[in-house]
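Each remark here refers to the structure printed beneath this line.
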Amino acid sequence: MAHPQRTAVVTGSAGFIGYHLSDRLLKSGWQVIGIDAMTDYYDVTLKQDRQAMLLDQPGFRVVEDKVETPGTLDTLFAGSRPDAVIHLAAQAGVRYSIEAPESYVNANLIGTFRLLEAARAHPPAHMLLASTSSVYGANTQMPYAETDKADTQMSFYAATKKANEAMAHSYAHLYNLPTTMFRFFTVYGPWGRPDMAPIKFARAILNGDPIDVYNHGRMKRDFTYIDDLVEGIIHLVEAVPVRPTGPVAEGDSLSPVAPYRVVNIGNSDPVPLMDFIEAIEAATGRKAAKNMMDMQPGDVVATWADTGLLTRLTGYRPGTPVAEGVARFVHWYRGYHGV
Ligand SMILES: NC(=O)c1ccc[n+]([C@@H]2O[C@H](COP(=O)([O-])OP(=O)(O)OC[C@H]3O[C@@H](n4cnc5c(N)ncnc54)[C@H](O)[C@@H]3O)[C@@H](O)[C@H]2O)c1
303 MAHPQRTAVV TGSAGFIGYH LSDRLLKSGW QVIGIDAMTD YYDVTLKQDR
353 QAMLLDQPGF RVVEDKVETP GTLDTLFAGS RPDAVIHLAA QAGVRYSIEA
403 PESYVNANLI GTFRLLEAAR AHPPAHMLLA STSSVYGANT QMPYAETDKA
453 DTQMSFYAAT KKANEAMAHS YAHLYNLPTT MFRFFTVYGP WGRPDMAPIK
503 FARAILNGDP IDVYNHGRMK RDFTYIDDLV EGIIHLVEAV PVRPTGPVAE
553 GDSLSPVAPY RVVNIGNSDP VPLMDFIEAI EAATGRKAAK NMMDMQPGDV
603 VATWADTGLL TRLTGYRPGT PVAEGVARFV HWYRGYHGV
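Sequential numbering from 303 applies to the sequence shown in our numbering.
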């Protein structure tokens with residue numbers, strides 16, 4: 303049965319994931335209200351271009367402001383009474399959190415606090431917030447499962463996201479706010495983030511510049527194609543957590559006391575960094591010159607998502623192979639940059 307038109311608030315709507323998610327929601331008949339501060343952490347033109355494609359579609363409007371501005375989210379929630387809130391706005395990036403930690407306090411801690419307060423005053427049917435695979439930190443047990451202890455964050459970025467999980471849990475418990483926390487694993491694809499390795503590699507290879515390969519290439523990432531990630535989110539919007547009345551099933555991260563759950567969204571297929579670089583070489587038809595570098599502070603050697611919970615909750619299993627995803631991503635990059 304078709305739903306009556308539902309309204310979603312998407313924070314960070316001009317961002318990489320926010321743009322793709324908003325586009326997918328609009329195409330599924332949702333009304334979407336975006337909010338994005340268009341921060342200059344990376345090229346603002348890319349954000350404006352993404353936002354322009356959303357503004358072309360009926361059903362989309364946007365507020366350009368910071369999520370931490372007092373009153374902004376409260377007014378937005380009061381005026382729109384969203385059915386779902388998907389909170390993606392954040393200061394992202396592991397490495398930048400060494401340089402500019404305070405921006406993570408403002409966007410991630412205060413921003414998320416304002417969002418929770420707005421939800422407390424005007425409760426949506428479901429809140430979904432972005433966390434990260436980086437919260438697994440120094441864990442060595444692979445693949446990473448949501449029910450694993452995750453107390454050894456290696457970067458301040460990861461620490462603010464872990465704090466967001468605890469903050470959201472307390473609000474879910476105190477104010478009965480159904481909340482899902484996503485842990486995303488290295489997302490790549492068209493319209494991707496220029497501060498992340500896939501675009502840095504593609505740009506350098508196409509310019510004939512050397513690429514920096516950290517930890518001498520001895521790293522693995524559970525690279526997740528953007529369409530798969532968005533599909534996972536869309537499915538999880540319908541999987542509203544309910545405060546349990548009895549024991550929680552084995553392997554379910556559902557809180558024993560709150561309508562709150564953590565869910566990994568990854569590809570569950572860790573790819574050696576050198577294989578990912580080879581996929582970009584294949585897609586560009588060029589060989590990369592490589593600067594072999596030491597490990598970067600704050601970084602982790604490997605990530606690997608257990609996606610069993612996502613599949614049990616939604617029936618969905620991400621599966622775009624890296625060769626295919628990289629080919630689509632390089633095709634976009636060349637077209638967008640005319641190279
Ligand atoms: N891309 C990934 O691989 C990945 C992995 C794990 C987690 N995440 C998380 O997913 C979310 C989205 O990531 P993304 O890759 O789309 O990043 P992005 O930087 O492209 O998008 C974030 C958007 O939020 C906006 N923003 C930043 N600070 C803001 C503020 N204070 N108020 C309002 N808007 C603000 C930015 O302008 C940007 O458009 C983030 O929470 C990020 O931490 C991403």
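The C-beta atom is built at its ideal place from N, Cα and C for all residues, glycine as well.
Quick caveat, the model's predicted, so the values are computed rather than measured.
{"Item": "Residue 683 burial status per 10 Å Cβ neighbour count (16 or more: buried)", "Value": "Not covered by the structure: residue 683. The range shown for the chain is 303 to 641."}
{"Item": "Check: residue 375 C-beta below 7 Å from any heavy atom of ligand 1", "Value": "no"}
{"Item": "Rounded straight-line distance, which links the Cα of residue 335 to that of residue 320", "Value": "11 Å"}
{"Item": "Own chain residues within Cβ distance below 6 Å of residue 379, not counting five before or after", "Value": "420 and 424"}
{"Item": "Uninterrupted alpha helix (DSSP H) stretches inside the stretch 363-435 (no shorter than 4 residues)", "Value": "374-382, 398-401, 403-406 and 413-423"}
{"Item": "Proximity below 8 Å, CB of residue 356 to CB of residue 325", "Value": "yes"}
{"Item": "Cα-Cα separation, residue 315 to residue 417", "Value": "15 Å"}
{"Item": "Endpoints, beta strand (DSSP E) assigned at residue 514", "Value": "513-515"}
{"Item": "Beta-bridge pairing of residue 485 - partner residues as DSSP gives them", "Value": "433 and 566"}
{"Item": "Any non-hydrogen atom of ligand 1 closer than 7 Å to residue 338 Cβ", "Value": "yes"}
{"Item": "Extent of the continuous beta strand (DSSP E) run through residue 313", "Value": "309-313"}
{"Item": "Close beta carbons around residue 303, own chain, < 8 Å, minus the five adjacent residues each side", "Value": "Since pLDDT at residue 303 reaches only 49, below the 50 mark, its modelled position is unreliable, and the value read off the structure follows with that caveat. Excluding positions up to five away in sequence, the list is empty."}
{"Item": "DSSP bridge partner residues for residue 442 (one or two, in chain order)", "Value": "In the DSSP output, where bridge partners are listed per residue, residue 442 has none listed."}
{"Item": "Identity of the residue in 361, 495 and 389 nearest residue 346 by Cα", "Value": "495"}
{"Item": "Assigned exposure category for residue 401 - 16 Cβ within 10 Å defines buried", "Value": "exposed"}
{"Item": "Limits of the unbroken beta strand (DSSP E) element including residue 592", "Value": "592-594"}
{"Item": "Segments of 4+ residues assigned as alpha helix (DSSP H) that fall wholly inside the stretch 322-357", "Value": "346-357"}
{"Item": "Counted within 10 angstroms of its Cβ, other Cβ atoms place residue 438 as buried (16 or more) or exposed", "Value": "buried"}
{"Item": "Three-state secondary structure assigned by DSSP to residue 551", "Value": "coil"}
{"Item": "DSSP state of residue 526 mapped onto helix, strand, coil", "Value": "strand"}
{"Item": "Sequence-distant residues of the same chain with beta carbon closer than 6 Å to residue 287, five excluded per side", "Value": "Outside the modelled stretch of the chain, which goes from 303 to 641, sits residue 287, for which no answer is possible."}
{"Item": "Backbone secondary structure at residue 490 - three-state DSSP", "Value": "strand"}
{"Item": "Chain-order list of residues whose beta-carbon lies under 7 Å from that of residue 411 (same chain, five-residue window excluded)", "Value": "462 and 465"}
{"Item": "DSSP-derived helix/strand/coil call for residue 541", "Value": "coil"}
{"Item": "Length of the line joining the Cα atoms of residue 541 and residue 569", "Value": "19 Å"}
{"Item": "Any non-hydrogen atom of ligand 1 closer than 7 Å to residue 343 Cβ", "Value": "yes"}
{"Item": "Endpoints, alpha helix (DSSP H) assigned at residue 623", "Value": "From DSSP, residue 623 is part of no alpha helix (DSSP H); its letter is neither H nor E."}
{"Item": "Terminal residues of the alpha helix (DSSP H) in which residue 498 lies", "Value": "That residue, residue 498, is in no alpha helix (DSSP H); it is neither H nor E in DSSP."}
{"Item": "Cβ-heavy atom distance, residue 390 to ligand 1, below 7 Å", "Value": "yes"}
{"Item": "Cβ distance (whole Å) where residue 627 is taken to contact residue 477 below 8 Å", "Value": "So it is not a contact: roughly 39 Å between Cβ atoms."}
{"Item": "Alpha-carbon to alpha-carbon, residue 637 and residue 398", "Value": "28 Å"}
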